[in-house]
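K.L.:
Residue numbers (the working numbering), protein chains in the order written: chain A, 355 to 588; chain B, 355 to 588; chain C, 622 to 845; chain D, 622 to 845.
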């Protein structure tokens with residue numbers, strides 16, 4: 355890696371996966387990117403499964419991985435107390451853990467989940483959406499009529515730590531993603547106190563097109579080089 | 355231009371500026387991109403100044419251009435009934451028109467303006483922000499405590515027509531912008547029933563990097579080739 | 622996928638105009654892509670962050686980072702774009718997706734649907750169904766006319782949890798097509814070989830009949 | 622810009638740690654960039670959509686599409702990124718900008734500021750001031766100690782409309798530096814040649830004195 359910037363000279367963002375996840379305390383709320391295993395930070399999640407302090411976690415993620423893979427493994431390791439997401443039925447382990455009272459679940463429509471995260475990152479306390487109105491998932495939500503149409507209130511979401519997956523970072527922490535592996539990652543990178551980004555490659559400052567950077571570096575605290583091949587979980 | 359797609363074969367999005375603005379009816383609400391004249395769709399605005407139906411307009415834009423230039427000219431032509439934006443003091447014509455009762459003004463903090471537009475485009479009825487709390491601009495806004503902190507409610511904004519400025523479009527209408535001329539344009543492109551994009555260049559479908567497209571084509575109805583040099587207003 | 626499912630998908634196609642931006646739900650709706658006569662003229666959006674979904678790749682061309690909302694490998698067409706989940710659902714909720722084609726477990730007499738949860742079972746998955754139903758300009762349901770046990774899916778009132786209060790616009794089955802007009806179901810088309818009696822017998826909701834091409838059904842035979 | 626304004630800007634610099642993400646308001650705050658000893662170690666964000674603002678270009682290198690929030694031409698540093706207004710204010714409101722340096726018309730005894738409107742005049746411009754004050758992790762005010770007419774800018778209560786309820790963290794003038802601690806102003810530094818008496822005379826709000834380097838001021842002379 356070239357050393358073109360005094361900030362990177364002073365302080366590289368690159369961490370080993372174990373070192374990065376050691377920052378996660380018991381009881382933490384995590385956001386974890388990915389749509390199933392696509393775009394999930396699998397190397398960081400593997401390290402999390404080995405970290406003694408990673409327990410009693412609340413995980414905000416669209417799914418809880420697949421059986422024994424990604425967040426699915428974290429669940430089997432008994433580290434997840436509560437999951438907030440939109441689609442858990444694809445992992446039978448989640449269904450079982452919930453049925454046995456080992457896992458609390460908060461189910462949100464996928465768009466509401468994404469918007470709540472985006473709002474949390476953008477300093478928005480809550481918002482009104484039509485999604486979920488008149489359904490089981492809208493029960494207990496405050497309703498409001500805006501310009502003659504009914505909406506539901508939703509609070510924004512924020513996390514202690516976000517674990518995201520990008521394709522390339524520069525040494526400052528600017529991120530670009532890969533195709534549909536982008537999904538929740540850029541939103542989550544804005545909505546946590548600490549952001550750990552797993553990437554395939556780290557390039558010198560200036561190598562990324564400033565018009566095409568999706569996550570500006572101010573959101574990113576640590577970079578972890580991925581040792582998990584993309585699609586390894588498929 | 356190449357013709358690689360049957361949608362573009364069937365129906366080019368390219369319009370003359372006069373033809374495009376002829377779609378704007380008296381009393382319409384317009385969103386107009388730009389930060390001052392930077393990133394403002396000046397060719398389209400010029401055509402608007404010549405369009406007899408463009409009158410009694412509500413204009414949502416950060417500013418109203420500069421004296422006699424951009425939206426500043428539209429104001430002098432007597433076409434603007436109301437302006438919604440964040441910073442009008444830089445154009446003395448606006449201050450005068452307001453003082454003389456010829457122009458209604460709705461002032462919003464710049465971040466609230468941007469968020470209201472983004473919300474309008476994303477099907478969000480309204481949202482809570484801390485900005486403006488306890489100030490003149492927060493008067494009359496509903497207050498709500500979320501997680502122990504005070505927020506103000508703001509309704510989203512939507513327009514009949516958005517006039518935006520991009521650097522390049524492909525023939526489908528995908529847009530990329532130029533540096534800080536991006537500003538409000540991508541948000542506004544999502545928040546109107548009809549979107550007219552002024553661009554410097556139209557390239558064949560497939561010529562833009564799918565990872566770097568800022569405004570996907572489903573937001574864009576018409577393309578107008580700019581005849582105004584960038585910075586012409588400076 | 623079965624022959625019936627493909628027939629349903631094919632029957633959806635005439636409801637999709639050229640140039641439409643379409644989101645296809647999981648299951649039968651996904652099959653619609655294979656039946657579009659000029660796939661190039663329709664823009665498929667998938668809520669996990671892609672506008673311009675192309676055909677399924679050959680096994681050797683699979684990119685693990687390129688999937689649709691059903692998590693199956695896809696390709697991207699020229700002119701495609703990728704975006705984050707919040708932007709994708711902004712498009713959907715904001716009314717920028719022209720047509721959503723969704724599956725359904727039940728459809729009620731007003732055209733409201735249930736397609737995400739079963740009664741009495743834990744509610745552990747919803748995905749993008751509610752957002753699509755609330756946000757798409759038009760919603761087409763693509764479903765078998767009856768459930769696996771032969772019971773009607775089109776019912777007076779849904780006993781399964783509703784997906785939204787918003788009624789769909791069109792219901793397409795292998796046997797019939799209904800539109801939803803002023804809060805009621807209108808039978809507008811029968812599939813070849815399907816009689817009005819068959820539809821009456823297998824539909825548990827009231828509907829009005831206004832066949833667009835009644836002559837075609839004068840000599841129709843019973844549904845196999 | 623005047624000598625006084627540059628002196629104020631220079632006095633802000635020690636409050637900006639290396640690696641900080643900083644938004645500089647219009648006026649005196651803009652001058653801070655010129656005084657950073659290692660500009661490369663600070664990341665300037667401008668709310669019109671750029672992280673990584675570089676120095677003012679030579680006239681022949683001006684790009685009309687590249688300006689800061691004061692609409693003056695700037696450059697972009699390596700590692701810069703461009704983004705839309707909603708994303709930019711998401712950064713600001715969401716607490717991702719470390720330091721905002723803002724001008725002020727008045728500062729009250731609790732450290733709250735007025736910097737956007739004059740009493741009795743129509744309220745026609747606010748820009749990003751309120752968002753920056755609400756959202757930045759730390760806010761530093763950079764202002765002349767007194768108004769042009771010689772009256773105090775630091776007052777018991779603002780008579781001008783407040784910009785936000787949130788107090789600032791540091792107030793830097795050409796004469797003095799105050800921090801805001803537990804809702805009160807604390808004088809922590811006097812400029813060379815400025816006496817405590819001068820500050821008392823030109824400050825219309827109560828403040829506590831806890832000079833960090835009192836020895837330096839033992840023999841200080843009157844402010845010119």
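Quick reminder that beta carbons are idealized off the backbone N, C-alpha and C, glycines included.
Rounded to a whole number of angstroms, what is the C-alpha to C-alpha distance between residue 662/D and residue 398/A?
P.N.:
Cα-Cα distance, rounded: 29 Å.
K.L.:
Spell out whether any CB of chain A is found under 8 Å from the CB atom of residue 701/D.
P.N.:
Interface residue, yes.
K.L.:
Looking only at DSSP bridge pairs, what is residue 337/B linked to?
P.N.:
Here chain B has residues from 355 to 588 only, and residue 337/B is not among them.
K.L.:
Against chain A, does residue 621/D count as a neighbour if the rule is that its beta carbon must be under 8 Å from one of theirs?
P.N.:
Past the boundaries of the shown model lies residue 621/D; chain D is included only from 622 to 845, so the question cannot be answered.
K.L.:
Helix, strand or coil: how does DSSP classify residue 506/A here?
P.N.:
Three-state result, residue 506/A: strand.
K.L.:
According to DSSP, which residues form a beta bridge with residue 569/A?
P.N.:
In DSSP, residue 569/A forms a bridge with 529/A.
K.L.:
Name the chain D residues that come within less than 7 Å of residue 472/B, Cβ to Cβ?
P.N.:
707, listed in chain order.
K.L.:
Rounded to a whole number of angstroms, what is the C-alpha to C-alpha distance between residue 761/D and residue 791/D?
P.N.:
C-alpha separation (whole angstroms): 5 Å.
K.L.:
Is residue 483/A close to chain B, meaning its C-beta is less than 8 Å from at least one C-beta of that chain?
P.N.:
At least one chain B Cβ lies under 8 Å of residue 483/A.
K.L.:
Give the secondary structure of residue 576/A by DSSP, where H, G and I count as helix, E and B as strand, and everything else as coil.
P.N.:
Correct three-state label for residue 576/A: strand.
K.L.:
Apart from the five residues just before and just after residue 756/D, which ones in its own chain have a Cβ nearer than 7 Å to its Cβ?
P.N.:
These residues qualify, in order along the chain: 713, 714, 715, 716, 718.
K.L.:
Whose C-beta lies closer than 7 Å to the C-beta of residue 411/B among residues of the same chain, with five residues either side of it excluded?
P.N.:
These residues qualify, in order along the chain: 382, 384, 433, 434, 435.
K.L.:
Is any beta-carbon of chain A found at less than 8 Å from that of residue 845/D?
P.N.:
Any answer about residue 845/D is weak, because its pLDDT of 36 lies below 50 and its placement is not dependable; what the coordinates show is given next. Residue 845/D does not count as touching chain A.
K.L.:
Work out the CA separation of residue 758/C and residue 394/B for me, nearest whole Å.
P.N.:
Using only the alpha carbons, I get a separation of about 30 Å.
K.L.:
To test your reading of the DSSP string, which unbroken beta strand (DSSP E) runs of 3 or more residues are found completely within the segment 767–840 of chain D?
P.N.:
As far as the segment 767–840 of chain D is concerned, its whole beta strand (DSSP E) runs of at least 3 residues are 791–793, 797–802, 805–811.
K.L.:
Which residues of the segment 708–738 of chain D have a Cβ closer than 9 Å to any Cβ of chain A? Give them in chain order.
P.N.:
Taking 9 Å as the Cβ-Cβ cut-off against chain A, the residues of the segment 708–738 of chain D that qualify are 708, 710, 711, 712, 713, 714, 715, 716, 717, 718, 719.
K.L.:
Name the residue from 529/B, 447/B, 472/B whose alpha carbon lies nearest to the alpha carbon of residue 562/B.
P.N.:
The option with the nearest alpha carbon to residue 562/B is 529/B.
K.L.:
Residue 424/B and residue 461/B look like a contact to me (Cβ under 8 Å); what is the Cβ gap, rounded to whole Å?
P.N.:
Between residue 461/B and residue 424/B the Cβ distance is about 19 Å, and since that is not below 8 Å, they are no contact.
K.L.:
Within 10 Å of its beta-carbon, does residue 373/A have 16 or more other beta-carbons around it, so buried, or fewer, so exposed?
P.N.:
So residue 373/A ends up on the exposed side.
K.L.:
Under the assumption that residue 440/B contacts residue 416/B (Cβ atoms under 8 Å), give the Cβ distance between them as a whole number of angstroms.
P.N.:
With a Cβ gap of about 5 Å, residue 440/B and residue 416/B count as contacting.
K.L.:
Thinking just about the alpha-carbon of each residue, which of 672/C, 832/C, 632/C, 642/C is nearest to the one in residue 653/C?
P.N.:
Residue 653/C has its Cα closest to that of 632/C, out of 672/C, 832/C, 632/C, 642/C.
K.L.:
Examine chain E for any beta-carbon lying closer than 8 Å to the beta-carbon of residue 789/D, and answer yes or no.
P.N.:
Looking for chain E here will not work: the only protein chains present are A, B, C and D.
K.L.:
Compare the C-alpha of residue 469/B against each of 538/B, 567/B, 430/B, 556/B and name the closest.
P.N.:
That would be 538/B, whose Cα lies nearest to the Cα of residue 469/B.
K.L.:
Just to confirm, are residue 313/A and residue 507/A a CB contact at a threshold of 8 Å?
P.N.:
The question about residue 313/A has no answer here: the residues shown for chain A are numbered 355 through 588.
K.L.:
If you follow the alpha helix (DSSP H) that residue 669/D is part of, which residue opens it and which one closes it?
P.N.:
Looking at the DSSP string, residue 669/D is not in any alpha helix (DSSP H), and its letter there is neither H nor E.
K.L.:
Mind reading off the beta-carbon distance from residue 576/B to residue 367/B? Whole number of angstroms is fine, and I expect it under 8 Å.
P.N.:
With 8 Å as the limit, residue 576/B and residue 367/B qualify as a contact, their Cβ atoms being about 6 Å apart.
K.L.:
As an exercise, report each continuous beta strand (DSSP E) stretch of at least 3 residues that is fully enclosed by the segment 674–746 of chain D, in chain order.
P.N.:
The segment 674–746 of chain D contains these whole beta strand (DSSP E) runs: 696–703, 720–723.
K.L.:
Which residue from 707/C, 742/C, 729/C, 750/C puts its Cα closest to that of residue 723/C?
P.N.:
It is 750/C whose Cα lies nearest to the Cα of residue 723/C.
K.L.:
Spatial neighbours of residue 800/D within its chain, please: C-beta separation below 7 Å, excluding the five flanking residues on both sides.
P.N.:
Once the five neighbours on either side are set aside, the close Cβ partners of residue 800/D are 790, 791, 807, 809.
K.L.:
Taking residue 665/C and residue 688/C to be in contact with their CB atoms under 8 Å, please state how far apart those CB atoms are, rounded to whole angstroms.
P.N.:
Contact flag wrong, Cβ pair sits at about 13 Å.
K.L.:
In angstroms with no decimal places, state the Cα-to-Cα distance between residue 697/C and residue 675/C.
P.N.:
Taking the straight line from one Cα to the other gives about 5 Å.
K.L.:
Could you give the C-beta distance for residue 551/B and residue 574/B, rounded to a whole number, given that I count them as a contact under 8 Å?
P.N.:
Yes, residue 551/B and residue 574/B are in contact; Cβ-Cβ is about 5 Å, under 8 Å.
K.L.:
Reducing DSSP to helix, strand and coil, say where residue 539/A ends up.
P.N.:
The answer is helix: DSSP assigns residue 539/A an H, G or I state.
K.L.:
With 16 as the cutoff for other CB atoms within 10 Å, does residue 404/B come out buried or exposed?
P.N.:
Residue 404/B should be labelled exposed.
K.L.:
For residue 670/D, return the contacting residues in chain B, with the cut-off set at a CB-CB distance below 7 Å.
P.N.:
Residues of chain B passing the Cβ test: 534, 536, 537.
K.L.:
Quick check on residue 675/D - is its C-beta less than 8 Å from some C-beta in chain A?
P.N.:
Not one chain A Cβ lies under 8 Å of residue 675/D.
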